[in-house]
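Encoded as structure tokens, the structure appears first; notes follow it.
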Amino acid sequence: MRKKILAAILSTALVLSLSGCTAPWNKDKEGKKGGGSININTEGKSSGGNVLDDDAVNEKIDEINRYIDSYFYFEKDPEKQEEAIYDGIMEGLDDPYSVYYTKEEYDELMEEDSGEYVGVGAVVTQGEDKRVSVVRPIKNSPAEEAGIMAEDIIVEVDGTEITDQDLSLVVDMIRGEEGTTAHIKVYRESISDYIEFEMVRRVVENYSVYYEMLPDNIAYIEVQQFYDNTPAEFKEAIEDVRAQGAKGIIFDLRDNPGGLLNAVADMCDYVMGEGTIVTVEDRDGRVLNDYESDEEQQINLPMVVLVNGNSASASEIFTGALKDSGKAKIVGTQTFGKGIVQSVIPLSDGTAIKLTIAKYFTPNGNDIHEIGIEPDYVVELPDGRENAVNLPHDEDPQLDKAIEIIKNWK
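Numbers given in the working numbering equal positions in the sequence shown, counted from 1, plus 1350.
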């Protein structure tokens, strides 16, 4: 739960800023990813002060276990106790982005980063009222084929009511082995009725880029997260809209929690032209990596980036690079402010940890951690909304401003 919610963000920077957590029906480990990854020496080194080397700590653990063995009413689960020790070590770092993964969680994380997973294929969110609803079915997925729609409210999974369940638990219930059947019951408010669906779980490609042509030959490209396969989708979208005669491009990164560092760097390189994308430094101020864009490819069209308080991590790298380079104007509200980088480190027994190892800086040297990026044009959403999920274009003042900027670009 704690780990699984954070996962949504990181790379999601997550959810820490969201009233509800958004995730694909595969566990949104983006929150667990962080802004990307940097190669590090996995042999590690000790700096001393390890708590489990303290005799007093071990004596206290033994004392606690004696009381558990003597008096605990229920049956204890040694495996869960062991996991809790590792979780506790990471929680003690007081960093929400540094977490421990069991072998199963690590395997799922690697699967999700690839942009493919086994499931039914939908993006779901959980609001403050704990209701789990569908944001959208994923293209070419069992959910889309079955007829599940955006805003459907999930009430039951395989015969089990999910009311008040944590989002990560619901996602776990919906996931399963390839070829098995998922039975999902939803409430559809538009018809005031319950509908039941049966879908066979299969490998689903997690599309993260959606695009369309707006009036006046303005292209709209929404990037929902940064997976391994996102750069290829992104480039295909750009080439398609250019072939259709696009005179300007709007990149929508609102509610995008982030993703893989290499993916966003590749995408920036495709649109920016020559210049710095992002600089990554370790705790001693040493530069681990300078991501640079070359001259081979760039987009010489008016460009606008839409952001909000849920645009985090890799989304902020993209935003910062295009803003500082002068390639695009930024519209919306202050971004989340996740300017640190995590590395996922596999351990010898098949488990793993995700550890914050560095901070990144925009091309102009700005440290945006816990600060965010201020848009060039601050535009609020209507009715106090904090996210743009399922917001119709004709009710979107941020999109309206982006269109106006492109039309008047000089």
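From the three backbone atoms N, C-alpha and C, an ideal C-beta is built for every residue, glycine too.
A quick note: this is a predicted structure, and the numbers were derived from the prediction, not measured.
- Annotation: residue 1599 is outside any alpha helix (DSSP H); the continuous beta strand (DSSP E) that includes it extends over 1598 to 1602.
- Of all C-beta pairs linking the region 1711 to 1724 to the region 1448 to 1462, fewer than three are shorter than 8 Å, placing the two stretches out of contact.
- According to the DSSP assignment, residue 1653 belongs to the beta strand (DSSP E) that extends over 1653 to 1657.
- Looking at 1616, 1654, 1460, the one whose alpha-carbon comes closest to that of residue 1646 is 1616.
- 7 Å or more divides the Cβ of residue 1602 from the Cβ of residue 1737.
- The DSSP-derived three-state label of residue 1477 is coil.
- Around the CB of residue 1420, fewer than 16 other CB atoms lie within 10 Å, so the residue is classed as exposed.
- Our two residues, residue 1533 and residue 1509, have alpha carbons roughly 7 Å apart in a direct line.
- Around the Cβ of residue 1474, a 10 Å sphere holds 16 or more other Cβ atoms; the residue is buried.
- Distance check between residue 1634 and each of 1708, 1408, 1588 places 1708 closest, using alpha-carbon atoms only.
- Here the C-alpha atom of residue 1614 lies approximately 45 Å from the C-alpha atom of residue 1426.
- Per DSSP, residue 1528 lies in no beta strand (DSSP E) segment and is marked neither H nor E.
- Boundaries of the beta strand (DSSP E) around residue 1711: 1702 to 1711.
- A direct Cα-to-Cα measurement between residue 1460 and residue 1600 gives close to 31 Å.
- For residue 1584, same chain residues with a beta-carbon under 6 Å away, outside a window of 5 residues either side, are 1559, 1617 in chain order.
- Taking a contact to require three or more Cβ pairs closer than 8 Å, the region 1684 to 1704 and the region 1649 to 1666 qualify as touching.
- In the three-state reduction of the DSSP assignment, residue 1633 falls in the coil class.
- Here residue 1467 really is in contact with residue 1556; their C-beta atoms are around 6 Å apart, less than 8 Å.
- In this structure, the beta-carbon distance from residue 1484 to residue 1500 falls below 7 Å.
- Taking the Cα positions, residue 1488 is about 5 Å away from residue 1471.
- Contact between residue 1628 and residue 1641 holds, with the beta-carbon distance rounding to 5 Å and staying under 8 Å.
- Of the candidates 1413, 1665, 1407, 1554, the residue whose Cα lies closest to the Cα of residue 1491 is 1554.
- Unbroken beta strand (DSSP E) stretches of 3 residues or longer found wholly inside the region 1441 to 1473: 1449 to 1451, 1466 to 1469, given in chain order.
- Judged by DSSP in its simplified three-state form, residue 1739 adopts coil rather than helix or strand.
- Relative to residue 1750, the option among 1735, 1729, 1669 whose CA is nearest is 1729.
- Excluding its 5 nearest sequence neighbours in each direction, residue 1548 has C-beta neighbours in its own chain below 6 Å: 1531, 1533, listed in chain order.
- Sorting 1743, 1610, 1444, 1650 by C-alpha distance to the C-alpha of residue 1672 places 1650 at the top.
- Shown here, residue 1499 sits in coil according to DSSP, grouped into three states, outside any helix or strand.
- With contacts defined by Cβ atoms closer than 7 Å, residue 1706 and residue 1445 form a contacting pair.
- DSSP links residue 1760 through a beta bridge to no other residue.
- CA-to-CA, the gap between residue 1690 and residue 1441 works out to about 17 Å.
- Closest in C-alpha terms to residue 1732, from the list 1745, 1525, 1699, 1703, comes 1745.
- Nearest Cα to residue 1752 within the set 1515, 1546, 1570, 1403: 1570.
- In this structure, DSSP gives residue 1639 an extended state, which the three-state scheme calls strand.
- Closest by C-alpha distance to residue 1535, out of 1581, 1496, 1757, is 1496.
- Residue 1581 has its alpha-carbon roughly 15 Å from the corresponding atom of residue 1591.
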